[in-house]
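Heads up: the structure comes next, in structure tokens.
There are 2 protein chains.
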Amino acid sequence: MENKKKILIADDEPDILEILKFNLEADGFVVETAKDGNSAIEKAKSFLPDLIILDIMMPGKNGIEVCNILRQTPLFKNTLIIFLTAISDDASEVKGLESGADDYLTKPIRPKVLISKVNALFRRIPIDNSKKIQIGDLRIDRERFIIVYKSEEIILARKEFELLALLASKPGKVFLRNEILNSIWGTEVIVGDRTIDVHIRKIRQKLNLDCITTVKGVGYKFEL
Amino acid sequence: MENKKKILIADDEPDILEILKFNLEADGFVVETAKDGNSAIEKAKSFLPDLIILDIMMPGKNGIEVCNILRQTPLFKNTLIIFLTAISDDASEVKGLESGADDYLTKPIRPKVLISKVNALFRRIPIDNSKKIQIGDLRIDRERFIIVYKSEEIILARKEFELLALLASKPGKVFLRNEILNSIWGTEVIVGDRTIDVHIRKIRQKLNLDCITTVKGVGYKFEL
DNA sequence: TTATTTTATTATCAAATTGTTAAGCAAGGT
DNA sequence: ACCTTGCTTAACAATTTGATAATAAAATAA
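In order, the protein sequence lines correspond to chains G and D.
Going from the first sequence to the working numbering is simple: count from 1 and add 235.
Going from the second sequence to the working numbering is simple: count from 1 and add 235.
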């Protein structure tokens with residue numbers, strides 16, 4: 236099950252980023268980092284993490300502002316958010332939690348404790364990524380039937396969606412025309428060969444991305 | 236709001252119990268207390284709290300033992316548990332979280348922070364039978380068959396209500412027409428396809444809100 | 001190079017799907 | 001019995017989708 240949870244860390248201190256990244260990766264998480272508030276939001280949109288660890292004091296937007304912005308975005312309504320900070324006065328802790336965060340940790344960082352907390356949260360909030368495919372900046376969500384490329388939603392018709400999802404399910408693999416026909420149209424229905432081409436063309440057009448390669452005489456493959 | 240959340244506090248220091256009880260009750264929770272591990276388990280069984288706050292050092296069974304026992308009981312598999320303690324070394328904190336707790340607070344107690352944490356946890360876990368759904372400004376109360384949008388009550392017929400509640404139970408997820416038919420009409424009854432559309436239309440009309448999206452050839456999804 | 005095969009592109013049309021409205025029925029209340 | 005309400009359906013409009021044919025372009029083989 237290639238279903239590792241994704242964590243985004245935003246902090247302006249490189250040391251902290253490194254320590255956290257190292258420890259979380261050692262525990263089997265996929266980690267990305269950002270070094271200020273604005274890039275955290277950008278990264279979040281492209282990376283779509285399951286959990287975001289936000290330092291409160293950062294250049295640009297501070298952690299609480301970032302949290303508020305994220306919580307207003309439907310995509311991040313349910314994303315877990317943990318604040319991380321040196322400030323440990325009650326008022327700001329309360330403020331942080333009330334802005335929609337799920338937990339609040341104070342520095343100095345104790346990696347083991349952080350990991351326990353992260354696991355405790357994931358234990359509670361089961362996140363199902365099984366119907367999601369992500370390749371680079373392209374995300375395919377079978378459950379929601381949406382395709383997002385660099386935080387921009389692309390609308391595909393059903394057959395187009397299924398075709399892209401099929402190809403993207405195994406990036407690099409060449410799908411024979413027969414395989415494609417069987418997977419998407421089944422063995423009952425019979426359609427002409429040009430039909431596939433036309434759908435491929437529409438996907439290429441809508442994605443406006445050079446990601447589907449033709450292997451002449453064989454089939455097509457997806458590769459970013 | 237009939238549905239006050241119930242909290243059980245277990246600690247051997249009467250002062251702590253009193254402070255916590257006072258603050259939590261002031262915030263609208265129903266609180267019971269226990270003064271050692273064994274009575275905590277007893278109280279839990281009769282009181283059936285939504286959240287248990289456990290001191291680690293207690294006579295009889297300590298907090299971690301209590302937590303382990305509770306977690307082995309199906310009844311308390313999903314009950315929220317917060318540890319409370321004067322010990323703040325990493326190892327015991329990790330141990331506490333790994334024994335199945337959801338959070339770990341160190342003394343001295345800061346009531347405001349505690350309450351924020353409690354609320355953050357309840358925000359995540361829809362304890363009461365998931366009878367209530369809240370998405371943005373839209374509230375759906377399955378128990379009372381009431382829909383409220385921005386403090387304005389909207390009256391839906393039963394089928395409309397069930398349909399909306401179904402879609403809203405997993406915002407973003409596309410429900411296939413078949414899924415919808417099975418969930419709301421069951422496998423026995425067979426109704427025409429237009430029936431769903433008509434109900435969808437009525438919901439859209441009554442809510443006057445662009446929240447139900449058609450995914451042609453697939454189904455419908457709710458998204459605010 | 002030329003011929004042949006395979007794929008790309010485009011426009012078009014038929015089929016499938018959904019939206020909308022009105023009307024019929026059944027159940028419950030007055 | 002009458003009225004109201006909710007559910008379903010029929011009928012039609014509007015829209016979207018998918019498949020194909022026709023033609024161009026590209027790759028491959030002879």
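Note that CB positions come from ideal geometry on N, CA and C, so glycine has one too.
Bear in mind that the values here come from a model prediction, so they are computed numbers and not experimental data.
6 angstroms CB neighbourhood of residue i in its chain, flanking five on each side removed
| i | result |
| --- | --- |
| residue 236 of chain G | Below a pLDDT of 50, predicted positions are generally treated as unreliable, and residue 236 of chain G, at 46, falls in that range; the measurement from the model is reported next regardless. Taken in chain order, the list of residues that qualify is empty. |
| residue 255 of chain G | 244 |
| residue 269 of chain D | 245, 275 and 278 |
| residue 238 of chain G | 364 |
| residue 311 of chain D | 305 |
Residue j beta carbon less than 7 angstroms from that of residue i
| i | j | result |
| --- | --- | --- |
| residue 409 of chain D | residue 454 of chain D | yes |
| residue 338 of chain D | residue 352 of chain D | yes |
| residue 280 of chain G | residue 264 of chain G | no |
| residue 340 of chain G | residue 315 of chain G | no |
| residue 438 of chain D | residue 415 of chain D | no |
| residue 245 of chain G | residue 275 of chain G | yes |
| residue 293 of chain G | residue 250 of chain G | no |
| residue 267 of chain D | residue 257 of chain D | no |
| residue 298 of chain D | residue 289 of chain D | yes |
| residue 355 of chain D | residue 332 of chain G | yes |
| residue 235 of chain D | residue 380 of chain D | There is simply no residue 235 of chain D to check, as chain D begins at 236 and stops at 459 in what is shown. |
Residues near residue i by beta carbon distance below 7 angstroms, same chain, minus five either side
| i | result |
| --- | --- |
| residue 446 of chain G | 457, 458 and 459 |
| residue 412 of chain G | 428, 431 and 454 |
| residue 449 of chain G | 455 |
| residue 323 of chain G | 341 |
Cut-off 8 angstroms between Cβ atoms - residues of its own chain near residue i, not counting five sequence neighbours on either side
| i | result |
| --- | --- |
| residue 273 of chain D | 295 and 296 |
| residue 384 of chain D | 372, 373, 374, 442 and 444 |
| residue 401 of chain G | 410, 415, 418 and 419 |
| residue 253 of chain G | none |
| residue 392 of chain D | 437 |
Under 8 angstroms from the C-beta of residue i: neighbouring residues of chain G
| i | result |
| --- | --- |
| residue 399 of chain D | Those within 8 angstroms of residue 399 of chain D in chain G number zero; the least Cβ separation is about 17 angstroms. |
| residue 432 of chain D | The contacting residues do not exist; residue 432 of chain D stays about 17 angstroms from chain G at best. |
| residue 459 of chain D | 309 |
Partners in chain D for residue i, counting only beta-carbon separations shorter than 7 angstroms
| i | result |
| --- | --- |
| residue 437 of chain G | Result: empty, since nearest Cβ-Cβ is about 15 angstroms, beyond 7 angstroms. |
| residue 360 of chain G | 359 |
| residue 329 of chain G | 347, 348 and 351 |
| residue 333 of chain G | 351 |
| residue 269 of chain G | Residues of chain D passing the Cβ test: none, with the nearest at roughly 23 angstroms. |
Within chain D, the residues that residue i reaches when beta carbons sit closer than 8 angstroms
| i | result |
| --- | --- |
| residue 325 of chain G | 345, 347 and 348 |
Closer than 7 angstroms at the beta carbon, the chain G residues around residue i
| i | result |
| --- | --- |
| residue 453 of chain D | 380 and 393 |
| residue 456 of chain D | 379 |
TODO: Could you name the residues of the region 289-309 of chain G whose beta carbon sits closer than 7 angstroms to any beta carbon of chain D, in the order they occur along the chain?
DONE: Correct list: 309.
Open item on the list: Short of 8 angstroms Cβ to Cβ, which residues in the region 405-417 of chain G face chain D?
Closed with: Under the 8 angstroms Cβ criterion, the region 405-417 of chain G contributes no residue.
- [ ] Would you check if there are 3 or more beta carbon pairs closer than 8 angstroms linking the region 365-385 of chain D to the region 398-406 of chain D?
- [x] yes
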